[in-house]
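Residue 102 is where the sequence shown starts when you use this note's numbering, and the numbers rise one by one after that.
All C-beta atoms, glycine included, are put in the ideal place defined by N, C-alpha and C.
Predicted model, so just to flag it, every value in this text is computed and none were measured.
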Amino acid sequence: MRPHLDVAPPLGATPDEDGTTFALFAAHAEAVELCLFDTGDADGTSEWRVPMTDRVHHVWSVHVPGVGPGQRYGFRVHGPWRPEAGLRHNPAKLLLDPYGRAVDGRPRWSPELFGHEVDAEFTGSPEVRDDRDSAGVTARSVVISPDTPRPRPVTRVSWTDTVIYEAHVRGATVRHPGIPEELRGTYAGLAHPAFVAHLRDLGVTTLELMPVHAFMDERHLAQRGMRNYWGYNTLSFFAPHPDYAVADDPQGAVAEFRTMVDTLHANGIEILLDVVYNHTCEQGDDGPTVCWRGIDASSYYRMDGWGRGVDVTGCGNTLDLRDPYVCGMVLDSLRYWAGECGVDGFRYDLGVALARGPADDYNPDHPFFVALRTDPLLRGLKHVAEPWDVGMHGWRTGQFPPPFAEWNDRFRDTVRTFWLSDVATSSANGHGVRELATRLSGSQDLFDAGDRGPSASVNYVASHDGYALADTTAYERKHNEPNGEHNRDGHGDNRAWNHGVEGLTDDPEVLARRRRSVRNLLATTILSTGTPMLCAGDEFGRTQRGNNNAYCQDNDTSWLDWEHGPSQRGLLATTRFLLGLRRQHRAFRQHSFFTPTPRWGDDAMDVLWYGRYGEEMTAASWEDPRCRVLQMLLVGDDIDAASLLLVFQGKADEEEVRLPPLPGEGRGYTLLWDSTWEHPEPPAGETTRHSPGDTVRLAASSMWVLLADRR
């Protein structure tokens, strides 16, 4: 007989040589039962209930001899039903383990899934408890064999060398002809040599995966016969999504994920996970009860004084990281994915929601952030915040503390405005070049605080959320009708330009101008100071046909098409070339912000700014909204860093530009790239050698990259 515990065991299911210890935090519970099920029992008829009699500091536990890996289980939590106090205990509902390492099955939308009474349309009163049993309609947790911590990669990619590639596990490979059909759309598919070779050849260093935590479909999608494709609807913070595995058993899915990480590491590629700790799949107060709500809703979720959920996520609920056990759950989840699964960092969805304090105000010194900075394992990883939520004062770009980098929406909007929406209006109401220069330089106005440096700015112009990159040049209006929400969903401010025709066209002139704009956007993203991020498929011009909120499009709207025509192959070659330039020239990979004054000892500048006529920019020209030509000279140190000139010509017509003087003994320029080129090499007979003071002709809305001679 085991002695009564005075220290709570680890939460979750911990197998040992004699059996398995199960532990659950439930602060307001009056009793907790462990429920064990046979493998393959979908109806729950094999259920065996074991009282969890040990309780220490709100943690209920029991050790069950003879139970080991592969065991399916859940919990039933007895306690008060007092919705006005945020308490919704209901022992008729089988609950997943918040720490479960794997899940078996998926919740099925049925009235039994709800803790309160609902009808066949899932409407009813959240105040009236439902006594129908949910064991036959919900998922079960699975005991998993423990694994030794994964070894960290020998060499971590520095932030200055990092290039992020955002991808969806299924969408990245489900149509890849070079991957065996049975592996497509899976963790194993991402580890296949064909996909790994694409990443390596492209020049990305870091694969950021959209949510891989187990998730479920929302009610409104199920009612339409649709699926949640993106995965921002978490069912388990510790379990990999089983549908992304070739393996059909939960232990095999975990092993497959770990093998994927090891394979990518062996090829020098880091893994970041897009994690959703701001809300869960249980939606609002009228949502289902599958886990946290039935265990201890008042601890897990933010609530007002009447027991109603506080929603700053737009998804019906908000996890309450002010509670130490909830904050601990998130930290334990991060440690698990990093320590036992080997991932290299995380991107935090709606990051502001994780750090709202007692009055729901944003707190950059929130205990969760302090823990990330000080935890021996987590502090050495990469952390990227989506720096907003939908609550009051939720937009916080530039206000996250170290060690966070942040998605820079100001970069996205500024670059799109310069290359697209301002050109569309022929600069009649343009924005000039002042903010463009700030974004090109690493957004010092946003990221200088906290000693973070320019790498804290994750520069992007397209992500999963919004238009595909090519669609910003082909659609001015969102076309989200297939989502079934009458085109009301999705963002309306897209800074896009269709170049005169909405959507598909066979006009060669329109298509050529669109391709040039795509190259302008890509080059600006890749060569700007900061950390560039590409969305998978944008390197070869993927389209979502104008859908800027394809969260429920598990079809060819979202899946990458690997069959490329000539223009797509040209864009792919261009992207590889531009990433190669970034890798080759240190001037594009700044460790610190550019100095606003000459460096001590040599009177040199890191960057020089010139206008259309090769003249230094003045205060008046910086403020002129009609200014549409900017020349940015990145000054090398003449030892191991060359000087490079970037010319941004944002006018709707062809323009003559005078190249600026070179500091020191620089004598000339070599044109490395012109955004009018369909392939990354100059057309036959085109002049690529130029001297300072030369007047050159740049095509409408185009960009040049020139290398300065050292002597």
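Element boundaries [alpha helix (DSSP H), containing residue i]
{"i": "S668", "result": "667-685"}
{"i": "F296", "result": "294-303"}
{"i": "H366", "result": "351-367"}
{"i": "H780", "result": "Where H780 is concerned, there is no enclosing alpha helix (DSSP H), given that its DSSP letter is neither H nor E."}
{"i": "F548", "result": "545-548"}
{"i": "R513", "result": "510-517"}
Exposed unless 16 or more other CB atoms sit within 10 angstroms - verdict on residue i
{"i": "G702", "result": "Because G702 sits at a pLDDT of 47, beneath the cut-off of 50, its placement in the model cannot be relied upon, and the point is left open."}
{"i": "A575", "result": "buried"}
{"i": "S235", "result": "buried"}
{"i": "E603", "result": "exposed"}
{"i": "R729", "result": "buried"}
{"i": "S522", "result": "buried"}
{"i": "R768", "result": "exposed"}
{"i": "E282", "result": "exposed"}
{"i": "L214", "result": "buried"}
{"i": "Q645", "result": "buried"}
{"i": "M493", "result": "exposed"}
{"i": "V362", "result": "buried"}
{"i": "D704", "result": "With a pLDDT of 48 at D704, under the threshold of 50, the predicted position of this residue should be treated as unreliable, though the coordinate-derived value follows. Per the 10 Å Cβ criterion, exposed."}
Residue j beta carbon less than 7 angstroms from that of residue i
{"i": "R271", "j": "D662", "result": "no"}
{"i": "E131", "j": "H179", "result": "yes"}
{"i": "V258", "j": "E371", "result": "yes"}
{"i": "G175", "j": "G395", "result": "no"}
{"i": "E357", "j": "A367", "result": "no"}
{"i": "D338", "j": "S434", "result": "Note that residue 338 is Phe in the sequence shown, not Asp. Their beta carbons are under 7 angstroms apart, which means F338 touches S434 by this criterion."}
{"i": "N329", "j": "D318", "result": "yes"}
{"i": "L709", "j": "V391", "result": "no"}
{"i": "P312", "j": "G332", "result": "yes"}
{"i": "C136", "j": "R177", "result": "yes"}
{"i": "G406", "j": "N418", "result": "no"}
{"i": "L817", "j": "Y770", "result": "The structure shown has nothing for residue 817, since the chain only spans 102 to 812."}
Three-state class that DSSP yields for residue i in the structure shown
{"i": "T249", "result": "coil"}
{"i": "Y345", "result": "helix"}
{"i": "C68", "result": "Outside the displayed range of the chain (102 to 812) lies residue 68, so it cannot be described from this structure."}
{"i": "C97", "result": "Only positions 102 to 812 of the chain appear in this structure, which leaves residue 97 out of reach."}
{"i": "H532", "result": "coil"}
{"i": "N621", "result": "helix"}
{"i": "P609", "result": "helix"}
{"i": "H580", "result": "coil"}
{"i": "S693", "result": "coil"}
{"i": "M153", "result": "coil"}
{"i": "W805", "result": "strand"}
{"i": "P793", "result": "coil"}
{"i": "G410", "result": "strand"}
{"i": "A109", "result": "coil"}
{"i": "Q384", "result": "coil"}
{"i": "D639", "result": "helix"}
{"i": "L537", "result": "helix"}
Same chain only: Cβ atoms within 8 angstroms of residue i, ignoring 5 sequence neighbours per side
{"i": "H665", "result": "F641, L673"}
{"i": "G120", "result": "H164, V165, P166, G167, V168, G169"}
{"i": "D549", "result": "F694"}
{"i": "D707", "result": "Q691, F695, T696, R700, L735, V736"}
Contacting residues, own chain, Cβ-Cβ under 6 angstroms from residue i (five flanking each side not counted)
{"i": "L799", "result": "Q750, E756, V758"}
{"i": "K579", "result": "G591, N649"}
{"i": "Q691", "result": "P555, T630"}
{"i": "T518", "result": "H532, R596"}
{"i": "R189", "result": "G216, R394, A398"}
{"i": "E536", "result": "T515"}
{"i": "D139", "result": "S147"}
{"i": "L635", "result": "Y266"}
{"i": "V453", "result": "Y463, W489, D490, G495, R497"}
{"i": "H269", "result": "M311"}
{"i": "D205", "result": "R173, R241, V243, P351"}
Residue i: first and last residue of the uninterrupted beta strand (DSSP E) it sits in
{"i": "S162", "result": "160-166"}
{"i": "E757", "result": "756-759"}
{"i": "A114", "result": "113-116"}
{"i": "P722", "result": "According to the sequence as given, residue 722 is Ser; it is not Pro. Element bounds for S722: not the beta strand (DSSP E) but the alpha helix (DSSP H), 720-724."}
{"i": "R241", "result": "241-243"}
CB contact check: residue i to chain C, cutoff 7 angstroms
{"i": "T261", "result": "Of the chains in the structure shown, none is chain C; there is only one protein chain."}
Residues of its chain near residue i, where Cβ-Cβ distance is below 7 angstroms and the 5 sequence neighbours each way are ignored
{"i": "P468", "result": "C428"}
{"i": "R301", "result": "N368"}
{"i": "I627", "result": "P633, L679, L680, R683"}
{"i": "D450", "result": "Y333, D375, V376, V377, N379, E487"}
beta-carbon residue i near the ligand GDP non-hydrogen atom, thresh 6 angstroms
{"i": "G225", "result": "The ligand GDP is absent from the structure shown, which contains no ligand whatsoever."}
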